[in-house]
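Undergrad:
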Amino acid sequence: MIDQYLYLAVILFVIGAIGVMIRRNALVAFMSVELMLNAANLALVAFAWHHASFDGQVASFFVMVVAAAEVVVGLAIIVSIYKTRRSTSVDNANLLSQ
Amino acid sequence: MIQLEIVDPVAATGLFGYAWLMIALPALGALVLLLFGRWVEKVGPYLAVATITGSFVIAVALFLQLLAAPPESRAVAAHLYTWFSTGSWQLDVGLLVDQLSILFALLITGVGGLIHVYSLGYMAHDARKRRFFGYLNLFVAAMLTLVLADNYLVLFVGWEGVGLASYLLIGFWQHKPSAAAAAKKAFVMNRVGDLGMVLAISAMLAQFGSSAFIDVNHGAATLTGPWVTAIGLLLLLGACGKSAQVPLQAWLLDAMEGPTPVSALIHAATMVTAGVYLVVRSHAIFDLSADARLAVVIVGTVTLLAGAWIGTSKDDIKKVLAGSTMSQIGYMMLAAGIGPAGYAFAIFHLLTHGAFKANMFLGAGSVMHGMNDDVDMRRYGGLAKYLPITFWTFAMGYLAIIGFPLTSGYFSKDHIIEAAFHESALVGTLALLGAGVTAFYMTRLMLMTFGGGKRWADGVHPHESPATMTVPLIVLAALSLVAGAAMNGWIQDWLEPAAGNHPHEVELLPTPIGWLTMLVVAAGVLVGWLVFGRKQIPAVAPQGNPLAVAGRNDLFGDAINDTLVVQPVLGLSRAAVATDAKALDGFVGVITTALGGLSVGGRKVQNGYVRSYALTMVLGVLVVGAVLILGLAA
Amino acid sequence: MNVVFWICAPLMVLGGLGLILFRKAVYSALSMALTMVCLAVLYASLDAPFLFAIQIIVYTGAVLMLFLFVLMMVGVDTPDSIIETIKGQRLLSALGALGLLALMIFSVGGAITAPSAGMAGATTGAGGNVQGIAQALFGRYVWVFELTSALLITAAVGAMIMAHAQRTKPKLGQREQAQARMKAYADSGSHPGSLPNSGVFATSNSIATPALLPDGTISEHSISKTLTERGAQLDSTQLREITAEAFAKAQRVPDEEDEEL
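Protein chains in written order, with my numbering: chain A, 1 to 98; chain B, 99 to 732; chain C, 733 to 993.
1. Pull up the distance between the alpha-carbon of residue 187 of chain B and that of residue 181 of chain B, whole angstroms please.
2. How about residue 844 of chain C: is its C-beta nearer than 8 Å to some C-beta of chain B?
3. Could you tell me the distance, in whole angstroms, from the CA atom of residue 866 of chain C to the CA atom of residue 40 of chain A?
4. Would a check of beta-carbon distances place residue 818 of chain C closer than 8 Å to chain B?
5. With H, G and I counted as helix, E and B as strand and the rest as coil, what does DSSP make of residue 343 of chain B?
6. Does the beta carbon of residue 76 of chain A come closer than 8 Å to any beta carbon on chain B?
7. Is there a Cβ of chain C sitting closer than 8 Å to that of residue 35 of chain A, yes or no?
8. Taking 8 Å as the threshold (beta carbon to beta carbon), is residue 91 of chain A in contact with chain B?
9. Less than 8 Å between C-beta atoms, sequence neighbours within five positions excluded: which residues of the same chain meet that for residue 852 of chain C?
10. Determine, using beta carbons only, whether residue 355 of chain B and residue 263 of chain B come nearer to each other than 8 Å.
11. Since residue 85 of chain A meets chain C, which of its residues come closer than 9 Å, beta carbon to beta carbon?
12. Closest Cβ-Cβ distance between residue 813 of chain C and chain B: below 8 Å?
13. Comparing C-alpha positions only, which one of B:252, B:520, B:567, B:531 sits nearest to residue 466 of chain B?
14. Report all residues from its chain with a CB closer than 8 Å to the CB of residue 654 of chain B; omit the five preceding and five following residues, and keep chain order.
15. With a threshold of 16 other CB atoms inside 10 Å of the CB of residue 539 of chain B, please say whether the residue is buried or exposed.
16. With respect to the alpha helix (DSSP H) encompassing residue 134 of chain B, which residues constitute its N-terminal and C-terminal limits?
17. Identify whether residue 249 of chain B lies in helix, strand or coil by the three-state DSSP scheme.
18. Please determine if the segment 438-452 of chain B and the segment 505-516 of chain B are in contact, where contact requires at least 3 C-beta pairs separated by less than 8 Å.
19. Can you confirm whether residue 52 of chain A, when its beta carbon is compared against all beta carbons of chain C, has any partner nearer than 8 Å?
20. What residue from C:845, C:863, C:897, C:980 has the CA that sits closest to residue 81 of chain A's CA?
21. Closest to residue 625 of chain B by CA distance: which of B:348, B:541, B:131 is it?
22. Would you say residue 63 of chain A lies against chain C (beta-carbon separation less than 8 Å)?
23. Mind checking residue 43 of chain B: buried by the 16 CB within 10 Å criterion, or exposed?
24. Does the beta-carbon of residue 989 of chain C have 16 or more other beta-carbons within 10 angstroms, so that it is buried, or is it exposed?
25. Mind checking residue 179 of chain B: buried by the 16 CB within 10 Å criterion, or exposed?
26. Sorted by chain position, which residues of the same chain lie with C-beta nearer than 6 Å to residue 757 of chain C's C-beta, five sequence neighbours on each side aside?
27. So with Cβ pairs under 8 Å, would you call residue 749 of chain C a contact of chain B?
28. What residues in its chain sit with their C-beta under 6 Å from that of residue 99 of chain B, if we drop five residues either side in the sequence?
29. For the alpha helix (DSSP H) that residue 179 of chain B lies in, which residues bound it at each end?
30. Going by C-alpha to C-alpha distance, which of B:114, B:676, B:242 sits closest to residue 161 of chain B?
31. Can you grab the Cα-Cα spacing for the pair residue 631 of chain B / residue 376 of chain B, in whole Å?
32. Does the beta-carbon of residue 188 of chain B, which I'm using as the reference point, lie nearer than 7 Å to any heavy atom of the ligand FMN?
33. Residue 352 of chain B to residue 484 of chain B, Cα distance in whole Å?
34. What residues in the segment 656-676 of chain B have a beta carbon less than 9 Å from any beta carbon of chain E?
35. Looking at residue 167 of chain B and residue 117 of chain B, is the spacing between their C-beta atoms short of 8 Å?
36. Buried or exposed: where does residue 350 of chain B fall if 16 or more other Cβ atoms within 10 Å of its Cβ makes it buried?
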């Protein structure tokens with residue numbers, strides 16, 4: 001039974017969500033997002049094992065690819081912002097409030 | 099014992115077919131003078147006089163025709179056109195030329211014509227005199243509509259028209275704020291009376307389906323319950339407004355702001371008598387309701403005393419005459435309220451009063467003309483020498499009003515006092531008292547104006563008026579003397595079919611009541627001479643006893659109106675404004691403030707921080723997830 | 733399998749908590765690495781060896797290292813501040829997270845009813861785990877695969893564009909640079925040519941040795957200011973002593989043409 005794997009995935013997901021909401025450092029927030037993706041991956045692989053199908057593993061594979069692409073672009077953005085603002089705090093990008 | 103003999107009018111033939119010209123001529127004159135006046139500046143006044151003269155000629159012709167006709171066909175109805183018909187109502191415009199209306203038509207066009215001629219002289223130096231004559235013509239047209247109508251609705255059209263003309267003419271000297279205020283006051287108070295008229299006409303339409311005199315006269319006997327009294331009281335309310343009877347009397351004294359010819363024509367001879375006309379014309383209603391008649395009697399009695407009281411304490415010559423008018427119309431209303439016994443006397447007194455009051459007003463105008471338009475009698479004195487024609491004509495009117503034997507006022511007023519005594523001793527005594535007070539204050543007026551030593555200011559040169567002003571005075575003075583004697587033996591029989599009155603015997607020698615009246619009048623004159631004739635009249639009004647103070651303040655009529663009507667209405671409107679501002683606007687304001695507060699609070703959600711948005715997303719996912727998952731589970 | 737799970741699971745949770753709670757960003761990154769490695773072990777225990785390898789190589793080895801590179805670039809020393817600037821964020825986050833946790837546990841708790849099948853049958857049927865994945869990847873999901881490759885290309889191009897620095901001033905060509913130098917010489921007298929080289933001495937000719945001017949003083953331009961500030965400049969007087977002593981010891985040999993002078 002894969003219940004425990006699912007519970008673990010849920011716990012990791014929630015931890016990742018908390019991290020996004022709490023941390024101000026852009027990189028740590030980004031890493032929390034990666035943690036959430038990994039938790040989803042774990043759930044996918046667990047279900048693949050449960051249903052005896054490769055589809056879950058293939059899906060997990062694609063999630064990894066997409067996560068990699070996302071990290072590439074996201075870090076490029078963070079570096080760009082850092083070059084102009086000299087800070088990585090996500091709170092600095094609050095111009096939407098005006 | 100009420101007998102309603104209703105005379106149905108015959109159709110109009112011959113000259114009666116042109117009865118509408120009587121109204122059309124002055125109306126045309128008014129139209130030309132008011133709309134195209136610039137082209138007729140020079141001849142305007144004469145055009146106005148011409149139209150009135152034309153109407154007078156037609157009126158005389160019709161009168162002669164009626165005199166020649168047999169008594170049962172002396173009511174002629176001329177149907178002009180159908181105004182509108184809706185459902186079961188058909189409202190026509192038509193004229194009724196009968197004994198009552200032809201007398202009024204003669205009075206209006208005759209006295210009106212004389213006043214037009216007088217105005218040629220009086221208003222000669224006024225820059226807007228063309229307009230003045232236009233308004234005068236408008237007034238005559240409206241008044242003729244009023245008296246010649248054959249149904250209450252057309253009568254009401256004329257009623258409103260004279261109200262309008264009165265407003266325009268009282269406020270003729272627009273630059274004077276007091277004149278504008280007086281015009282507004284007259285109009286507004288008339289409106290209250292008009293409300294009564296409208297309600298009465300609506301009641302008639304509801305009950306009879308028509309407001310024509312024929313239908314009302316025939317149908318009055320079929321009314322049940324309180325309708326007859328209700329219609330009677332509503333008509334009385336209308337009459338009070340137009341005739342300046344208590345409680346709607348406060349506007350008449352202020353109306354003296356208008357030029358003197360206006361005061362003479364409108365507020366003495368014709369418009370203010372429209373109320374009496376209305377009551378007499380509606381005799382079918384009043385005959386059937388003792389309560390309505392009692393109300394009329396009470397109104398008339400109270401007013402005749404109130405008017406006399408006011409007249410004793412005013413220093414303004416026109417205001418004394420206005421109080422006198424109010425009082426004399428009180429006599430007429432008293433007579434009309436007595437019922438069939440008094441209708442004819444009311445009309446009789448109305449006609450003679452038209453002559454002598456117009457005479458006195460025009461005389462006052464002549465005095466003012468000579469005294470640089472000063473109206474304060476305390477600055478007159480000893481004018482008999484300087485204004486002989488004015489003095490003698492005024493004296494004729496004075497004798498008529500106090501009821502000097504054989505003048506016209508003597509005949510008409512005596513009949514009323516006698517009828518009052520027949521009605522009830524109290525009413526008779528009050529009417530007699532009024533006669534005495536009338537004699538008193540008219541004597542005061544004569545002594546202050548024409549008698550005694552001169553009190554006028556420096557720079558005033560009293561001089562007699564030109565011929566255009568003195569000739570009408572002479573004509574009216576002659577009428578004041580002879581009109582009573584001429585009509586005395588004849589008017590009751592003449593009016594019987596129209597007014598439903600019961601003719602009395604008229605004797606040559608006065609009755610005991612007549613002797614009593616003469617005594618009271620003589621006493622009044624004596625008291626007046628004793629108080630005002632012996633000593634020099636002070637130039638400044640003395641403090642006066644409480645009665646005099648009350649009279650000087652118009653019996654506090656304005657104060658009463660203010661407390662009873664104006665202040666409550668003002669309070670109500672202020673309350674409405676305050677409610678609107680505070681409650682309604684406040685309520686709306688509360689809503690807007692709440693919305694504003696909500697949006698201020700809501701704005702805080704958009705603080706621009708990514709982490710707040712992440713939080714919002716998580717909470718949103720929570721909500722959606724809860725709905726979906728728990729929904730699926732359930 | 734249970735044992736593996738109960739070893740890895742607490743480690744992963746600790747790693748996750750460490751990720752969000754450490755103040756220093758590098759510690760967070762390393763906690764994440766711990767989590768990811770344990771995750772790879774769990775993949776292995778779930779009969780997904782290919783993913784186990786990919787997780788270690790790609791995720792932990794590439795992605796996380798990329799994170800570390802950027803961390804080093806943007807400031808590895810400063811610990812983050814703990815003070816929360818947005819009012820109510822912590823409380824609401826805690827509530828939201830708790831709610832989310834409760835909801836998700838409730839929903840996945842009752843999800844599994846049948847016993848798990850295990851990958852054994854599928855693996856043997858496909859002829860091995862990698863083969864099975866390959867069959868699915870290039871069979872059923874080939875279109876998604878192509879799309880993913882397009883995505884990767886887009887991401888790479890996007891990153892390059894992001895990293896491309898924009899010039900704020902126009903680039904000066906050789907002519908413009910030469911003109912600028914001449915202008916500076918005309919305005920302030922600064923030397924238009926190249927700077928003097930470092931001094932050459934018997935015992936040293938490093939860039940830390942300053943050159944000597946004709947009158948014996950050192951030339952400031954011949955040595956980098958950084959070195960001077962740092963105090964790494966070598967003392968030229970000491971270096972000169974050797975040569976000076978050698979010259980002092982040398983005897984003068986008369987020359988045939990000396991007497992004529």
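By construction, the Cβ of each residue, glycine as well, lies at the ideal position given by its N, Cα and C atoms.
None of these values were measured; they are calculated from a predicted model.
TA: With the given structure in hand:
1. Cα to Cα, the separation comes out at about 11 Å.
2. Taking Cβ atoms only, chain B never reaches closer than 8 Å to residue 844 of chain C, which makes this a no.
3. The straight-line gap from Cα to Cα measures roughly 21 Å.
4. Cβ-Cβ to chain B under 8 Å: yes for residue 818 of chain C.
5. Coil, per DSSP.
6. For residue 76 of chain A, the answer is no, since every Cβ of chain B falls outside 8 Å of its Cβ.
7. By this cut-off, residue 35 of chain A is an interface position.
8. True, the Cβ-Cβ gap to chain B drops below 8 Å.
9. Take residue 852 of chain C, set aside five residues on each side of it, and the residues of its chain with a beta-carbon closer than 8 Å to its own are 779, in chain order.
10. Contact: no.
11. The contacting residues do not exist; residue 85 of chain A stays about 11 Å from chain C at best.
12. By this cut-off, residue 813 of chain C is not an interface position.
13. Its Cα nearest to that of residue 466 of chain B, the residue B:567 stands out among B:252, B:520, B:567, B:531.
14. Cβ neighbours of residue 654 of chain B beyond the five flanking positions: 648.
15. Residue 539 of chain B counts as buried, since no fewer than 16 other beta carbons sit within 10 angstroms of its beta carbon.
16. Taken as a continuous stretch (DSSP letters only), residue 134 of chain B belongs to no alpha helix (DSSP H), as it is neither H nor E.
17. DSSP, reduced to helix, strand and coil, places residue 249 of chain B within a strand of the structure shown.
18. With a cut-off of 8 Å, the segment 505-516 of chain B and the segment 438-452 of chain B count as touching, because enough Cβ pairs lie within range.
19. Interface residue, yes.
20. It is C:897.
21. Ranking B:348, B:541, B:131 by Cα distance to residue 625 of chain B puts B:541 first.
22. No - not a single Cβ of chain C is within 8 Å of the one on residue 63 of chain A.
23. This structure does not reach residue 43 of chain B, given that chain B is present from 99 up to 732, and the question cannot be answered.
24. By the Cβ neighbour-count rule, residue 989 of chain C is exposed, with fewer than 16 other Cβ atoms within 10 Å of its own.
25. By the neighbour-count criterion, in which a residue is buried when 16 or more other Cβ atoms sit within 10 angstroms of its Cβ, residue 179 of chain B is exposed.
26. Taken in chain order, the residues that qualify are 803.
27. No, residue 749 of chain C does not count as interfacial toward chain B.
28. With a pLDDT of 36 at residue 99 of chain B, under the threshold of 50, the modelled position of that residue is not reliable, and the figure given next carries that caveat. Non-local beta-carbon contacts of residue 99 of chain B in its own chain, meaning distances under 6 Å to residues more than five positions away in sequence, are absent.
29. Under the DSSP assignment, residue 179 of chain B falls outside any alpha helix (DSSP H), being part of the beta strand (DSSP E) whose first and last residues are 174-184.
30. For residue 161 of chain B, the nearest C-alpha among the options comes from B:114.
31. Answer to the nearest angstrom: the Cα atoms are 41 Å apart.
32. Absence of the ligand FMN is noted for the structure shown, with no ligands found whatsoever.
33. C-alpha separation (whole angstroms): 29 Å.
34. Here chain E cannot be found, since the structure's protein chains are A, B and C.
35. Not closer than 8 Å, so no.
36. So residue 350 of chain B ends up on the buried side.
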